[in-house]
Each structure stands twice: as C-alpha cells, then as structure tokens.
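Each residue of the sequence shown is one higher than the one before, starting from 4 at the first, in our numbering.
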Amino acid sequence: MKLLKLFTLLIMSALALPSFGQGLKAFKLKNGLSVYIWEDNTKSDVFGIVGVRTGAVNDPASYTGLAHYLEHVMFKGTDKIGALDWATEEPLYKQIITKYDEMAEETDPGKKEAIAKEINDLTVQAGKISVSSEFSNLMESMGGKGVNAGTGYDLTFYHNSFPPYQINKWLEISSQRFMHPVFRTFQTELETVYEEFNRSKDNPGRIQNDFIMGKAFEGHPYSRSIIGLPDHLKNPRLSKLIQFYEDWYTPENMVLILVGNINANQISGRIAGTFGRLANKPTPDRIKYPNLEIKGRTQYTAKIGNYPSINLVYQGVSTGHPDKKALEIALSLLSNNNRTGVLDKLTIDGELTQGYAYPAFMREQGRCIISCIPLYDENQRRFESTKTAEKKALKAIEQIANGNIEDWVINAIKANMCRDFDLMMESNERKGETLLEAFVNEQDLNKVLNYKDEVMGVTIDDIKRVAKQYLNNDYLAIFIEKGKLDKKEKIKKPGYKPVEPPVGKQSLYSQQFKTMPIGKVDETFLNFADVKSKKINERSQFFYTPNSENNVFNLTLKYGVGQREFPQLNIAANLMNNAGVMGSYEPQDLKKELSKLNATCEVFATDDYLYITMRGYEENLQAACQLLSRQILMPKLDDKQLARIKGSLLGERQQRKENVQILADALNQYLFYQDKSNYIDELTDKQIIELKISELTGDINRASNYEAQIYYTGTLPMENVFEVLSKNLPLVANEKESNSPQVKQMAAVKENTIYFLPNSDVEQAQLFFYMPTTNFDKKDDVLRDAFYQYFSGSFNGLVLSELREKRSMVYTAYGVVRTPVLPGFPTYFSGQIGTQNDKAVEALTVYMDLLNNMPKNPDRMDNIKSYLRQEALTTQPDFRDKAAYVEMCKRRGYTQDPSIENVPKIDALTFEDIVKYYEENIKGRPIAIGIMGNPKEISLEQLGKFGKVVKLTEKKLFNTKDAMF
C-alpha cells in the first residue's frame, strides 16, 4: 500500500525522442520536483545531478554573492548529517545568525571586529559538537567520485558519479542534504570565498571577462561577478543566505538527473520516497530587467591586459529564443573548429594573431561577442593598433551580415554541429549537463534531444536574416590595453582561531547510513582483448576498438619522435594545422575540402611524439585519409602563418615576466628540472626569428619516417578499416625505430631548499613542493593511491582539512606522489598551495608539519578502502580512449585490467600500510619549495627555518640567451 501511494506522486510525461534517447524517462514528483533518468547499461557508473534554477541572477542587489556562498555551505550538513548533539548546537547556530545581523548593522570598525571574534568563538564552540565534513565523508564511503558543485548566473548544481549499486544511499543523502540544511562553519567558508576572490585578482582573463560582462549586460545582474561585489563579501549576513535558500531552493525549481547504468522502473518509487520528502512551496516571482539598448558604436577602454585585444559586443538572444541556433551558425561563419570562418581566414593569412566569435546566451538575455588580438609585428616588436584590428574584424562581420556566404560553408558547419552533438551524447556528464540546461531554460526536451533535426532545419535564409538583424552597426567596442591590474579591491582575511572538529566521531545519521543495504556488486573488469591490434608495417602497429554509439570515427596517428629530437617540431605541427598541399591546395582550400567531408584534423607535438588526429563520419573515411596523407607527405607551409606564429611566440615572451600564471608555472618547472626546465631549455628568441619554412617542412617529413602507432575507433569491421588505412595513410617502409617514450631527468634534492621569487604584484602567494621519492613499481600503486586519498584526496584529506576546512587559508591545495611514464624511474611528491601573502609562512608551517609529522587517524581507513575498491570497479576508460589506456597499462607492467590485481590488495590494506609507505617514501626526505610572493609580507628569515633560502629573479626562470626582452 505504501509503495502504491508513492507511485501516485509521479506524473509521467511522454517524450518523442530519437533512437539514442530512448533510455530517457522524465516525470515530476507530486511536490513539483522534476526527474530525468537516462538509462545506459553500457556505462560502469552513474552520474547524478541535483540542479536548482537559480544563481547569481537572483542575488539581492544589496547582497551579491549569496548564490555562490550558498553552494559552498551546502556541503556542511543538516540537523542530522554532521550533528553530534543538535539540541546543544542549535542555540549556538541561532546565536551566530543573530550576531551576523548585528555585525551587518554595526558601522564602527572596532565594534564590527569585536562581533566577528564573538562569532569565531561561537563557531569554534559549535565545531566541537558537529562534523561539518560528514557529508563528504559519507560520499567517499559509498565511492562517490568528483563530488563538487558549481554556480552560474542562472543555475546552481551539485554533482558526482557513483557505483550503480549505491543508488539507494545516493538518493538518501542527496535528498537529505536539502532537508533542514545547517550552514556550519559559515565564517571559515567565508574566508575561503575571500581567498577565491583574491585569487581572481591575479588572473587577467578573469578581470577582463568581468569588465566585458559589466559593459555587455549593463543594468542586468549578468553584469556582476558571480562571486559577488567586494563590499558585500565583507559584510555578510547568514540570515540573508538562509532566506535565499528558502526562497529559491523549492522543489518546483529543482531537478534530479541520473544518467548511466540505472533502471528507471526499479528506482522510481525510491526517488518518490526520498526527494518526495522535500516540502512543496512557491518560488518567488523573478525580477524582469530591461534589455540593454545598444545604439551606434560605443567605445570603452581598460588597461587591464597582458596584451591588447578588441571585443565587439552585439545584441544577442536568450537561450530559449527561436533565433538561437541560426545565430550560433552565423557566429560559426566567423570562427569554428574547422577554421573555415572569415576570422579564421584572417588568422591563417597572418592579419590577426587570433580572432574568434562566441555566443553569450543566457536564460534572460544574450549577446554576440567577437574578440580579436591584433597582429604582433616581429620586426617592430609591437602589436598593431586595436583600431586596425577592429577595422579588420568589422570587414569580416560585414561579409557575414551582407549574406556573402557560400552554401558549402553553412552545410559543413551544420554537419559539424551535429557530429559534435553525437560525440557529446557519449558521455554521462555531458548528457546530464544537456538535461540540466534544458531544465534551467525551461526548454522542451523533445526539441533539445532532436537537436540535429533542429540544426538541419535552419535554412540559409534564416542565417542571413539573423546575421543582418543582429550583426549590424549597433555594437560596443571594448578595447583591452596592456596595463597593470587594479588590485585595490583585495579582501583582507582576518586571523580567526581554527575550528577543531572532534576526531573519530560520527552522527547517528552516519551510523544508520552506513548500514543501509546496497545493490548487487558486479565485479566487471576491462578485457584487454577488446582492443584488437595488427602490424601495419615492419614496426608500426594498428589498434582497433569498436564504436557501438554512433557513426563518428576517431583516428590518431602517433609517430614515435617528438621535440626532444626535433626542438622545432611543435612549431612545425602548429603550422600543419593551417597548411595546404604543395601543388594542389592552398590552406583555406584544403580546409574547405575537409569540411565538405565533415572531417576535423589536428596536429601537435610533445617531447616524445608527433600526433595527428582526425575525426569524422565513416562514409568519408577513405577520402579524408587521402587528403590527410597528401598534406603530410607534401605540406605547403605558409610564410604568413610562420610570421604570425613567430609574432605570437615573441609577443607572449615579451609579457610573460609580468604574467603571474606563467611565472608560477615557470617556478614550478624550475623546481622539477632546474636548468632543463621547458622555459629555459627552449628555442631562443633569435632562433625563433630565424625559423625557415624549409626547415620546418623537413621536420615534419623526418618525423613521419618514424614508426607509428595508429589508434582507430569506429563501426566498420577491423579488416575493412585496416585495408583503408594501410593504403591511404602516410606510412613509409623501413620506418625508423622509436626511442619514445623517455623519462626526462628530474633535479636531485640534497637538502631542504626554498627558492623565493619576489613579486610585489601578486595578490596570492604561490607555494610549490617537489620531493624525489623511490623508483616506480606497479606493486606500490595501491599504496600510492591510498596515501593520496588519506593525505590529499578531496575535502577529506589532511591537506584541505587542515588548511581550508579548519583554518580557511586556501581555496585549493594538494599533495600527490606522481609516477613517470616508465617503470624503474623515480616517482616524486608534488604539491601546491595558493594563499594570501601574509598567511604564506603560516600555511607553509602547517603543510610542512603534515609532511614531517603526518597525523594518524585510523578511523578514516574504512572510508579509504571502500572508496578505492569502488573506484577500481567503476572507473573504466571511454571507448575512444580504451586502446591508449590498455597500452599505457602494459607499459606500466600490467597484462590485464589493473583492478584484477589491485582489488585484493585494497581488501588486504591496513592503516599501518599507509603509515609505512609514508615513513619509507615521504617522511624526512629533503624537499625543494618554490614560493612566489610579496617580499614585504613574506619574511626570508622566517623561511630560513625550513631550509636554505635561494632568492631567484625572473631571468633565472627563462632562457636568456639571445633574448630580445
């Protein structure tokens, strides 16, 4: 009777879906919550989302950032999850809420600080009788992977993958988290958000995007940063956050999405019994904002870039608008993945460094944005003017707006959009995100999943109409000029006492949750024999994996030589992406022919290999391979393109000593390799200037003489594919033997050494850790994974627990033992912290104490073993990556699925094994530490207590031979 009653809560809806979507079921619970279930028994796991149709757009104008704050604290439990003594904790929680209201009303800075300290005392007190990390702990115990959340302008969503047999537990805890949530440790989480805000101030891309959005959507909440305005972040109010939750987290405004190895009929009743518990309540009316009126040309300029760019903003449409697809196609006529757009041609012809168009289409409004980076003149050693770049971009836009479009280009773009949709539908995550977007934008699921029919139904007249209507003379011209970022809005983090949760305690809910029954555990392993292989030449090998999803093939040609032997090879590969065929095709003409075949190619090089990839529909396989082969054997590389690439490389080098992100990466590389860092062991500026087409063409020819590995995924039978590829790929007889892969020698560390790079401009100090450990042997794989899960894995690991959850010093931090590509070479510990300059030494002290005196908490062992076991049984490579994954496993010494060997090791694992691994591989070993930070706030004397201090300059991190800058 009870089960029958639950089913009456379901309101089923019929869907007319394409064949690939037949596994999709959609219904609503009686409380209004929408449910989408997409069955796919070929997957090894399930991807779950709980989405809410709210985001930064619904933040009150006087309290921006609430939606993002809320996402953070939704992991802190409820009156059951994490509650050790709710009767005692509840009065403290209510006092904290009241104190935040008092602090918000107080204007005297001294009194505000006194209230903040009172809140800290109450938070510490409440922290002793609660476990704010219990939700994450329980997710770990049931094998939840990628537990995370995200906030956008129009949505907030909570997501992770989990084993199919854990569906009942997942439904229970994922619904329970929305029943009476308690926003524990709000104060410390606020500090974490402060760290996230400050971190954004070192990111020029983030600053530029905020500026562009601020002008593009002026007068609408889309113009504000999702994180929130600094004045509002400094003056939080917990009561406002609770009100936001009560207003917008209503069942009718929420969706449950499950995609993967799941049966809708079997779990529908359980969904009604869990998510059906959420109380039905109305959602507030949304504020309606007028659209920005753009008339004529309006210019804005900001000196916030590392290099100049122009951004032209045109009126667009909302996500659900009938013109959306036609306008997306129109923008693709300017730039697209096949590089056949008008802006692409300007880039290929060396008129621009870069040019691209993209839609910024939101739920309520939309804009079309065209961004261009002016050409860098290698002779003048400067960029062309932004005015010149604007004129070039406008000419390209005018061509589209006037309807000067060849039919084949439109047809190729539409076919490419359909192919990309096919590829997207292979992934649990992308399916889930597609359903989430449909819910948030209140779109018809039939139309969303019949996407290909919708795209092919867009006519050339539709495209010409929208191009003329939207890409007209009414636009914003936003100029980004080179200049230093404005960092006056930094939020200073107060120094509060850390929250010390009780060790080894769990709530009654946790105890009951762990005893819940689970479904049947199927131990299914990857069969290496699923990947077929065959010699295709004397040394080259062909690998074949069937595709049962669609008619899209993947081809990867991996030549066994890379930049180690040919230092210019990556530049040559870059040129190949815009090359023609000597005597036959100009670059744009070759792209035209490939586009007609709906084939996309990409060429790139690593230290070990030259990669050539192709993707398309199998009916065009032979013709596409013939074009590819002719290009590789007789490439027509372009002098204008080479000049553009030279200018781009030199332009990047000109500004990289001012680019915080590049400096941080260069410092990290220096720790690993010292003078053999990729930033030092690189082509000199002089060598770049002297590059010749003939040399680069020769590098491609020489590289293609090496033995190759050919990976193919498709629906055609293996023998048919082999026949096509053996006759139509550029493979030479008597190929040269490959020495790849090789392991790059890493730096020795004989004593603790701190490399300090002074930088007065950084808002966040960056700390990197490097410690060589023992040689790689697969027998230690389980121990390494267990150590990582204990030391650094997710929010439950020691690193984030101590540095973020307790002390709010960081937004992200990690520590992991990494392995080389071949057995027998050294593994190494690598870690990183980003924190405020004035907290850097304190954060370093905590981190080093974790490394030198790792706290021992054996109570976590059951969780770790459970997580590792379930991860091993449910983590399978995508079918397109299966062959490369199998070859990687074999290279590491495995002859079958590693899980077959490792699951018994996980079952036998003890906490003493993790401690022993730590003591033999980590504890007491010398370590190199790289720190980039403000010397006014980081004391070299204090750093000296951790080891020898070496002061670096930017020049030390880069190749200075024949340097122009």
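Glycine is no exception: its CB is placed at the ideal position from the N, C-alpha and C atoms. For clarity, every value in this text was computed on a predicted model and none was experimentally measured.
Which residues does DSSP list as the beta-bridge partners of C421? For the purposes of this step, residue 421 is identified with residue 418 of the sequence shown, where counting begins at 1. Note: C421 sits in no beta bridge, so no partner.
Excluding sequence positions up to five away, which residues of its chain have a Cβ less than 8 Å from the Cβ of Q664? Residue 664 sits at position 661 when you count from the first residue of the sequence shown. Counting only Cβ-Cβ distances below 8 Å, and skipping sequence neighbours, we find D205 and N206.
Please report how far the alpha carbon of E919 lies from the alpha carbon of R928, in whole angstroms. The residue labelled residue 919 in the question sits at position 916 within the sequence shown. The residue labelled residue 928 in the question sits at position 925 within the sequence shown. Position check: residue 919 holds Lys in this sequence, whereas Glu was assumed. Our two residues, K919 and R928, have alpha carbons roughly 14 Å apart in a direct line.
To the nearest angstrom, how far is the alpha carbon of R821 from that of V889? Along the sequence shown, one-based indexing puts residue 821 at 818. Along the sequence shown, one-based indexing puts residue 889 at 886. In a straight line, the C-alpha of R821 is about 19 Å away from that of V889.
Simplified DSSP state of M182, which is helix, strand or coil: Numbered from 1 along the sequence shown, position 179 holds the residue referred to as residue 182. In this structure, M182 counts as coil in the three-state DSSP scheme.
For a minimum of 3 consecutive residues, which ranges assigned as the beta strand (DSSP E) are wholly contained in the segment 794-858? DSSP runs (the beta strand (DSSP E)) wholly in the segment 794-858: 813-821 and 829-839.
Please report the straight-line C-alpha distance between F771 and Q945, rounded to a whole angstrom. Position 768 of the sequence shown, counted from the first residue, corresponds to residue 771. Position 942 of the sequence shown, counted from the first residue, corresponds to residue 945. Those two C-alpha atoms are separated by around 17 Å.
Would you please state the rounded distance, in angstroms, between the beta carbons of A470 and I403? I believe it to be under 8 Å. Looking up residue 470 in the sequence shown gives position 467. Looking up residue 403 in the sequence shown gives position 400. The C-beta separation of A470 from I403 comes to about 5 Å, placing the pair in contact by the 8 Å criterion.
In terms of DSSP beta bridges, what is P761 paired with? Taking the first residue of the sequence shown as 1, we reach residue 761 at position 758. Partner(s): G936.
On a Cα-Cα basis, can you pick out the residue from W41, H71 and Q899 that is closest to D533? What you label residue 533 is simply residue 530 of the sequence shown in a count that begins at 1. Distances from the CA of D533 to each of W41, H71 and Q899 were compared; the closest alpha carbon is that of Q899.
Pull up the DSSP beta-bridge partners for A608, would you. The residue given as residue 608 occupies position 605 in the sequence shown. Listed as beta-bridge partners of A608 by DSSP are L613.
According to DSSP, simplified to helix, strand and coil, what is A363? By 1-based counting over the sequence shown, the position of residue 363 is 360. In the structure shown, A363 sits in a strand (DSSP, three-state: E or B).
Where do the ends of the alpha helix (DSSP H) carrying V196 lie? Taking the first residue of the sequence shown as position 1, residue 196 is located at position 193. It spans F189 to S203 - the alpha helix (DSSP H) in which V196 sits, taken as one unbroken run.
Roughly how many angstroms lie between the CA atoms of K954 and L960, to the nearest whole one? Taking the sequence shown and counting its residues from 1, the one referred to as residue 954 is at position 951. Taking the sequence shown and counting its residues from 1, the one referred to as residue 960 is at position 957. Each residue's Cα considered, the two are about 12 Å apart.
With 16 other Cβ atoms within 10 Å as the buried cut-off, status of M774: Stepping through the sequence shown from its first residue, residue 774 is reached at position 771. Result: buried.
For R240, name the three-state secondary structure that DSSP assigns. Numbered from its first residue, the sequence shown carries residue 240 at position 237. Coil at R240, not helix or strand.
Please tell me whether M637 and V564 are closer than 8 Å, where the distance is taken between their beta carbons. Within the sequence shown, numbered from 1, the residue matching residue 637 stands at position 634. Within the sequence shown, numbered from 1, the residue matching residue 564 stands at position 561. Going by beta carbons, M637 and V564 fall outside the 8 Å limit.
In chain order, which continuous runs of the alpha helix (DSSP H) of length 4 or greater are located wholly inside the segment 436-498? As far as the segment 436-498 is concerned, its whole alpha helix (DSSP H) runs of at least 4 residues are 448-452, 454-459 and 463-473.
Span separating the alpha-carbon of G155 from that of N431: Here residue 155 corresponds to residue number 152 of the sequence shown, with the count starting at 1. Here residue 431 corresponds to residue number 428 of the sequence shown, with the count starting at 1. Taken atom to atom, the span from the alpha-carbon of G155 to that of N431 is near 21 Å.
Contact check, L801 vs L853 under 8 Å by CB: the rounded distance? As a first step, residue 801 is located in the sequence shown; it is residue number 798 there, counting from the start. As a first step, residue 853 is located in the sequence shown; it is residue number 850 there, counting from the start. Here L801 really is in contact with L853; their C-beta atoms are around 5 Å apart, less than 8 Å.
Return yes when the Cβ of P744 is within less than 8 Å of the Cβ of P824, no when it is not. By one-based count along the sequence shown, residue 824 stands at place 821. By one-based count along the sequence shown, residue 744 stands at place 741. Position check: residue 824 holds Val in this sequence, whereas Pro was assumed. Between V824 and P744, the CB-CB gap stays under 8 Å.
Cutting at 6 Å between CB atoms, please list the residues of its own chain near Q769, excluding the five before and the five after it. To locate residue 769, count along the sequence shown from 1; it is residue 766. Within the same chain, Q769 has close Cβ partners A667, G837 and M935.
Run through DSSP, which three-state label would M257 get? Stepping through the sequence shown from its first residue, residue 257 is reached at position 254. Residue state, collapsed to three classes: strand.
Three or more beta-carbon pairs under 8 Å between the segment 723-741 and the segment 409-427, yes or no? No, the segment 723-741 is not in contact with the segment 409-427.
Compare the beta carbon distance of Q368 and Y225 with 8 Å and say whether it is the shorter of the two. Locating residue 368 in the sequence shown gives position 365, where the first residue counts as 1. Locating residue 225 in the sequence shown gives position 222, where the first residue counts as 1. Cβ atoms of Q368 and Y225: closer than 8 Å.
Secondary structure at L13, three-state DSSP: helix, strand or coil? Position 10 of the sequence shown, counted from the first residue, corresponds to residue 13. Residue placement at L13 is poorly supported in this model, since its pLDDT is 41, which falls under 50; the coordinates still yield a value, given next. Reduced to three states, the DSSP call for L13 is coil.
If we ignore side chains and look at the alpha-carbon of each, how far apart do G507 and N860 end up? Translated into positions along the sequence shown, residue 507 becomes position 504. Translated into positions along the sequence shown, residue 860 becomes position 857. Those two C-alpha atoms are separated by around 8 Å.
Check F961 in the structure and name its three-state DSSP category. Here residue 961 refers to the residue found at position 958 of the sequence shown. F961 falls in the coil class under three-state DSSP.
Taking only three categories from DSSP, how would you classify T101? Numbered from its first residue, the sequence shown carries residue 101 at position 98. Three-state DSSP puts T101 in a helix.
Selected residue, minimal CA-CA separation from N969, among M106, T45 and I52: There is no way to answer for residue 969, as the model of the chain reaches only from 4 to 968.
Looking at N268 and the ligand SAM, is the gap between the Cβ and the nearest heavy atom below 7 Å? No copy of the ligand SAM occurs in the structure displayed, which carries no ligand at all.
For K578 versus L699, is the C-beta distance shorter than 8 Å? By 1-based counting over the sequence shown, the position of residue 578 is 575. By 1-based counting over the sequence shown, the position of residue 699 is 696. A small correction: the amino acid at residue 578 is Leu; Lys does not occupy that position in the sequence shown. Yes, the Cβ-Cβ distance between L578 and L699 is below 8 Å.
Using the rule of at least 16 other Cβ atoms within 10 Å of the residue's Cβ for burial, across every protein chain shown, is I14 buried or exposed? Your numbering for residue 14 matches position 11 in the sequence shown. Confidence in I14 is poor, its pLDDT being 41 and thus under 50, which makes the residue's placement unreliable; the coordinate value appears in the next sentence. Around the CB of I14, fewer than 16 other CB atoms lie within 10 Å, so the residue is classed as exposed.
Quick one, are the C-beta atoms of F247 and A107 less than 8 Å apart? Counted from its first residue, the sequence shown places residue 247 at position 244. Counted from its first residue, the sequence shown places residue 107 at position 104. Not closer than 8 Å, so no.
So E922 is in the alpha helix (DSSP H); what residue range does that whole segment cover? Residue numbering aside, residue 922 sits at position 919 when the sequence shown is read from its first letter. Per DSSP, E922 belongs to the alpha helix (DSSP H) from F914 to N924.
Report the rounded CA-to-CA distance for R705 versus D965, giving the unit in angstroms. Translated into the one-based positions of the sequence shown, residue 705 becomes position 702. Translated into the one-based positions of the sequence shown, residue 965 becomes position 962. Approximately 28 Å, taken between the alpha carbons.
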